[in-house]
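Residue 9 is where the sequence shown starts when you use the working numbering, and the numbers rise one by one after that. Using N, Cα and C, we set each Cβ at its ideal position, and we do this for glycine too. Just so we're clear, the structure is a prediction, and the values are computed from it rather than from any experiment.
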Amino acid sequence: MRNTRIIVILSIIIIPIAALVASFFPTTLAHLARFVRPESDTATSSATTVDKMASSITRAAPIVIDAVGKHTATVIFIHGLGDSGRGWMDAAQLWQSKPSLSEVKFILPHAPAIPITMNGGYQMTGWFDIVSDDKTLRRMEISNLAKKRSIGDLESDDLSKIKLNEDKDGIMTSRAYFHSLIQAEISAGIAAERILIGGFSQGGAMSILSGLTAPVKIGGIIGLSSWLLLNQTFKDYVPAGDVNKETKIFMGHGSADPLVRYPLAVASQKKLTELGYDAKMTTYPGMQHSACMEELNDVERFIVSRLQR
Numbered sequence: 009m010r011n012t013r014i015i016v017i018l019s020i021i022i023i024p025i026a027a028l029v030a031s032f033f034p035t036t037l038a039h040l041a042r043f044v045r046p047e048s049d050t051a052t053s054s055a056t057t058v059d060k061m062a063s064s065i066t067r068a069a070p071i072v073i074d075a076v077g078k079h080t081a082t083v084i085f086i087h088g089l090g091d092s093g094r095g096w097m098d099a100a101q102l103w104q105s106k107p108s109l110s111e112v113k114f115i116l117p118h119a120p121a122i123p124i125t126m127n128g129g130y131q132m133t134g135w136f137d138i139v140s141d142d143k144t145l146r147r148m149e150i151s152n153l154a155k156k157r158s159i160g161d162l163e164s165d166d167l168s169k170i171k172l173n174e175d176k177d178g179i180m181t182s183r184a185y186f187h188s189l190i191q192a193e194i195s196a197g198i199a200a201e202r203i204l205i206g207g208f209s210q211g212g213a214m215s216i217l218s219g220l221t222a223p224v225k226i227g228g229i230i231g232l233s234s235w236l237l238l239n240q241t242f243k244d245y246v247p248a249g250d251v252n253k254e255t256k257i258f259m260g261h262g263s264a265d266p267l268v269r270y271p272l273a274v275a276s277q278k279k280l281t282e283l284g285y286d287a288k289m290t291t292y293p294g295m296q297h298s299a300c301m302e303e304l305n306d307v308e309r310f311i312v313s314r315l316q317r
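Structure (structure tokens):
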């Protein structure tokens, strides 16, 4: 009888946690394997090689998918909460399989495992903590799962009225890391304007912030199912000269996203436009917190358009 009780209790604890973690992955990508070539020998990752940041965070080296042809451009693509760089390998290989992108190297970073407040403080991979309290109108990737009020309840698309309880230190640490990846490509001989940064969910939010606040003008920014971080103080992080003022931003979002609510994406795009940035958003009707082939094809076209000589 005691053993039966233990099994029941473990089931109650483990199953919800598994469901919670599984919800963070862009599950649509799991069905894309039939569209792409098998993982190539040039796709490399090192779990033993680490990069120690000034913040003392230890990171696994990113997955690198080398260019098929001569390497002339780089796309850094960043995963979301609970995922890893491997979760976007199929998409990167799909994009690279196009002749027009054969010169592109893809870098897929891995987030470190950090305590996530809304996950009970348990560790999972993330670029910054997800912090919430009942007094704050909070939108983050698991707000609805934690039964908190969602940004989807907003009646306004004015981002200036949305105050989020954000992990600024974590965000800025990740930004410094992505800036270092951009600089490493420049040091390797790739022109800054032939480097793009993009991502999904948390990764997309970090891409928008990191790209627009980079000290060099880059080629483009991609934010899928994402939003504008630090919207109240964003201007404070833009370097003198605002070199990425005219850098084009592609934002893609599902109208039925239950995790990163669609109104937040709309408000973010509006805020970026008001700040003078060239941000365009494509809506995918009925799509939830995921990616679809139509969106991946749109991303491919965006990358090609930014790298045309």
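Where residue i sits in the DSSP three-state scheme
i, result
"Gly294", "coil"
"Arg183", "helix"
"Leu109", "helix"
"Val268", "coil"
"Ile190", "helix"
"Thr221", "coil"
"Thr133", "strand"
"Lys176", "helix"
"Ile257", "strand"
"Ala121", "strand"
"Ala248", "coil"
"Ala199", "coil"
"Asp306", "helix"
"Arg314", "helix"
"Ala299", "coil"
"Lys278", "helix"
"Trp235", "coil"
"Leu89", "coil"
"Lys243", "helix"
"Pro46", "Reliability fails at Pro46, whose pLDDT of 28 lies under 50, so the model's placement of it is uncertain and no value is given."
"Ser209", "coil"
"Ile95", "For the record, residue 95 in the displayed sequence is Gly; it is not Ile. Looking at Gly95 - three-state DSSP - the assignment turns out to be helix."
One or two residues paired with residue i in a DSSP bridge
i, result
"Leu204", "Val83 and Gly228"
"Leu116", "Ile71"
"Ile138", "Ile138 pairs with nothing; no bridge assigned."
"Gly262", "Tyr292"
"Ala287", "Ile257"
Nearest-angstrom Cα separation, counted from residue j out to residue i
i, j, result
"Asp175", "Pro271", "21 Å"
"Gly227", "Ala68", "26 Å"
"Gly77", "Gly206", "22 Å"
"Glu303", "Gly284", "25 Å"
"Leu315", "Ala273", "26 Å"
"Thr358", "Phe136", "Because the chain is modelled from 9 through 317, residue 358 falls outside the range shown and cannot be assessed."
"Leu7", "Cys300", "Because the chain spans 9 through 317 in this model, residue 7 falls outside it and cannot be assessed."
"Val268", "Thr133", "18 Å"
"Asn252", "Leu220", "5 Å"
"Glu354", "Leu102", "Outside the displayed range of the chain (9 to 317) lies residue 354, so it cannot be described from this structure."
"Lys106", "Ala75", "11 Å"
"Asp250", "Arg317", "24 Å"
"Thr318", "Gly129", "Nothing can be reported for residue 318: it is not among the residues displayed for the chain, which extend from 9 to 317."
"Asp244", "Ser298", "31 Å"
"Asp91", "Ala121", "10 Å"
"Phe33", "Ser233", "Bear in mind that a pLDDT of 40 at Phe33, under 50, signals an unreliable position, so the number given afterwards is only what the model happens to contain. The alpha-carbon atoms of Phe33 and Ser233 are separated by roughly 12 Å."
"Glu201", "Thr66", "29 Å"
"Gln296", "Gly260", "11 Å"
"Thr52", "Leu280", "Residue placement at Thr52 is flagged as unreliable, the pLDDT there being 46, under the threshold of 50; a coordinate-derived value is accordingly withheld."
"Asn305", "Asp177", "34 Å"
"Trp96", "Leu116", "7 Å"
"Met180", "Arg309", "30 Å"
"Leu238", "Gln191", "23 Å"
"Glu282", "Ser215", "19 Å"
"Lys256", "Gly262", "20 Å"
"Asn127", "Ser276", "25 Å"
"Glu254", "Asn173", "29 Å"
"Thr290", "Phe258", "8 Å"
Exposed unless 16 or more other CB atoms sit within 10 angstroms - verdict on residue i
i, result
"Gly93", "buried"
"Lys288", "exposed"
"Thr241", "exposed"
"Glu193", "buried"
"Lys113", "buried"
"Ser313", "exposed"
"Asp98", "buried"
"Pro223", "exposed"
"Gly197", "exposed"
"Ala1", "Given a span of 9 to 317 for the chain in the structure shown, any question on residue 1 remains unanswerable."
"Gln104", "buried"
"Ser218", "buried"
"Ala184", "exposed"
"Gly88", "buried"
"Pro293", "exposed"
"Gln321", "With the chain covering 9 to 317 only, the question about residue 321 has no answer from this structure."
"Ser209", "buried"
"Ala248", "exposed"
"Pro123", "exposed"
"Asp265", "buried"
"Ser182", "buried"
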